[in-house]
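Novice: Just remember that my numbering sits 144 ahead of the position in the sequence shown, which is counted from 1.
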Amino acid sequence: MFQPSRHLPLAAGLLSCVFAASAADVAAGRAVAQAKCVQCHEADDWEGESAASLESIIRDIVAGKVKHKTKIELTPAEIANIAAYWEAGKK
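(1) Less than 8 Å between C-beta atoms, sequence neighbours within five positions excluded: which residues of the same chain meet that for V210?
(2) Use the C-beta contact count for G173: other C-beta atoms within 10 angstroms, 16 or more gives buried, fewer gives exposed.
(3) Can you tell me which of the three DSSP states G173 falls into?
(4) Which residues in the same chain as L218 place their Cβ atom closer than 8 Å to its Cβ, once the five residues preceding and following it in sequence are excluded?
(5) Given this structure, state the Cα-to-Cα distance separating I223 from D189, to the nearest angstrom.
(6) Could you check whether the Cβ of G173 sits closer than 7 Å to any Cβ belonging to chain D?
(7) Find out if the Cβ-Cβ distance for the pair A195, A228 is shorter than 7 Å.
(8) According to the Cβ coordinates, are G233 and A187 closer than 7 Å?
(9) Tell me where the alpha helix (DSSP H) around G192 begins and ends.
Here you go:
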């Protein structure tokens with residue numbers, strides 16, 4: 145028989161691992177932004193935007209859904225990291 149209280153610590157541990165593995169890396173975002181974005185953009189350009197909103201915008205640019213000066217290729221992790229860096233830059 146399934147006992148929720150018995151499995152709760154395991155579930156909590158798994159969730160914390162998932163969130164830790166998917167946490168954006170601000171330092172990595174800074175490095176990628178400086179390599180691929182700084183020619184035209186600074187963190188201050190995105191004041192008022194959340195990391196989630198920035199991720200969405202960047203994903204659409206990479207996918208070609210939003211017009212951009214140049215074609216950009218970024219991994220999902222790079223997108224999350226840049227968004228985290230730009231969000232942190234406004235604080």
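Think of the CB as a built atom: it goes at the ideal place given N, C-alpha and C, for glycine as much as any other residue.
Since the model is a prediction, treat every value here as computed from it, not as a measurement.
Specialist: Checking against the coordinates, here is how it stands:
(1) For the purposes of this step, residue 210 is taken as residue 66 along the sequence shown, with counting starting at 1. Counting only Cβ-Cβ distances below 8 Å, and skipping sequence neighbours, we find I201 and D204.
(2) For this step, residue 173 is matched to residue 29 along the sequence shown. The residue is buried, with at least 16 neighbouring Cβ atoms inside 10 Å.
(3) If you number the sequence shown from 1, residue 173 lands on position 29. Residue state, collapsed to three classes: helix.
(4) In the sequence shown, counting from the first residue as 1, residue 218 sits at position 74. If we look at L218 and ignore the five residues flanking it on each side, its Cβ neighbours are V176, K180, I202, V206 and I226.
(5) Here the question's residue 223 lines up with position 79 in the sequence shown. Here the question's residue 189 lines up with position 45 in the sequence shown. Approximately 16 Å, taken between the alpha carbons.
(6) The chain labelled as chain D is not found in the depicted structure, where only one protein chain is given.
(7) For the purposes of this step, residue 195 is identified with residue 51 of the sequence shown, where counting begins at 1. For the purposes of this step, residue 228 is identified with residue 84 of the sequence shown, where counting begins at 1. Yes, the Cβ-Cβ distance between A195 and A228 is below 7 Å.
(8) For the purposes of this step, residue 233 is taken as the residue at position 89 of the sequence shown. For the purposes of this step, residue 187 is taken as the residue at position 43 of the sequence shown. Against a cut-off of 7 Å, the Cβ pair of A187 and G233 comes out as a contact.
(9) Position 48 of the sequence shown, counted from the first residue, corresponds to residue 192. G192 -> no alpha helix (DSSP H), and no H or E assigned at all.
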